[in-house]
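Working notes, structure below.
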Amino acid sequence: MKFILKNAEELIAAGFLIITTALVVLNIICRYFFNMGMVWSEEVATGCFVWSVFIGAIACFKRRGHVGVDIVVNMLPPALKRAIATLMDIILVVLNAYMFYLSVVFISKSYTKLTPVMGVSSAYITAAVVIAFFMMTIYSVIFVYEDFCGKKEGNA
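With my numbering as the guide, the letters of the sequence shown map in order to residues 22 to 177.
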């Protein structure tokens, strides 16, 4: 259970990626062998892929795995490194919170747009963006808290 909670984002993203791959392969088999495609599968596969990307971004963010250029920062004294890391984490709180706000505005304006084949609200797909930036904001706040409490894990 602890493993599942610790790696929830990774497991969810992997699940969406498995569904995406399975639908694409199944559609290829249906087209090649049975000369008929599942028209809805592309739409569902695309939606699952979007979800896997944004949930995967959360997983990467929580482990501080996103690419950064820190060659200059690494040459600085430890106290200055910590100050810059804290400043960057504060900036990330602001940026992620703003992106969360923008994603809420985006989904509120696009929920009436229907998908072309299945005719469901595109909000089911774009909700991944809202959830991703909400969770990244939460993790950013946790990072700032750890910066001030001295509990920084670094790259996990």
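The beta carbon of each residue, even a glycine, is placed where N, CA and C say it ideally should be.
| said: For the pair the region 68–75 and the region 104–112, tell me if three or more CB-CB distances fall below 8 Å. | reply: no
| task | Look at the Cβ atom of isoleucine 33, then the Cβ atom of isoleucine 92, and state whether they are nearer than 8 Å. | result | The count along the sequence shown starts at 1 and reaches residue 33 at position 12. The count along the sequence shown starts at 1 and reaches residue 92 at position 71. Contact flag unset, no.
| Sheet register partners of serine 142 (DSSP bridge) | By one-based count along the sequence shown, residue 142 stands at place 121. Answer by DSSP bridge pairing, in chain order: Leu135.
| isoleucine 79 classed as buried or exposed, judged by whether at least 16 other C-beta atoms fall within 10 angstroms | To locate residue 79, count along the sequence shown from 1; it is residue 58. Buried is the call here.
| field | Contacts around isoleucine 39, its chain only, beta-carbon distance under 7 Å, and the 5 residues preceding and following it disregarded | value | Your numbering for residue 39 matches position 18 in the sequence shown. Nothing listed; no residue qualifies.
| Is isoleucine 49 helix, strand or coil by DSSP? | Indexing the sequence shown from 1 puts residue 49 at position 28. Isoleucine 49: helix per DSSP, three-state reduction.
| query | Measuring CA to CA, which of Asn48, Val150 and Glu30 is closest to alanine 118? | reply | Sequence index remark: in the sequence shown, residue 118 carries index 97 (1-based). That would be Val150, whose Cα lies nearest to the Cα of alanine 118.
| message | serine 124 and phenylalanine 82 - do their beta-carbons sit closer together than 8 Å? | response | Start at 1 with the first residue of the sequence shown, and residue 82 comes out as number 61. Start at 1 with the first residue of the sequence shown, and residue 124 comes out as number 103. Cβ atoms of phenylalanine 82 and serine 124: not closer than 8 Å.
| Cutoff 7 Å; reference methionine 156; Cβ partners in own chain excluding five residues on either side | The residue you call residue 156 lines up with position 135 of the sequence shown. Same-chain partners within the cutoff: Ile79.
| query | Can you tell me where the alpha helix (DSSP H) with leucine 208 in it begins and where it stops? | reply | In this structure the chain extends from 22 to 177, so residue 208 is not present and cannot be described.
| said: So, under 8 Å CB-CB, glutamate 16 and threonine 136 are touching, yes? Tell me the CB distance rounded to an integer number of Å. | reply: An answer regarding residue 16 cannot be provided, because it is not within the stretch 22 to 177 covered by the chain.
| message | Could you give the first and the last residue of the continuous alpha helix (DSSP H) run that contains glycine 77? | response | By one-based count along the sequence shown, residue 77 stands at place 56. Where glycine 77 is concerned, the enclosing alpha helix (DSSP H) stretches over 60–83.
| For the putative contact between alanine 228 and serine 161, defined by C-beta atoms under 8 Å, what is the C-beta separation to the nearest angstrom? | Residue 228 lies beyond the stretch modelled for the chain, which goes from 22 to 177, so this question has no answer here.
| For isoleucine 112, the nearest candidate out of Thr42, Phe164, Ala35 and Met22 (CA to CA) | What you label residue 112 is simply residue 91 of the sequence shown in a count that begins at 1. Isoleucine 112 has its Cα closest to that of Phe164, out of Thr42, Phe164, Ala35 and Met22.
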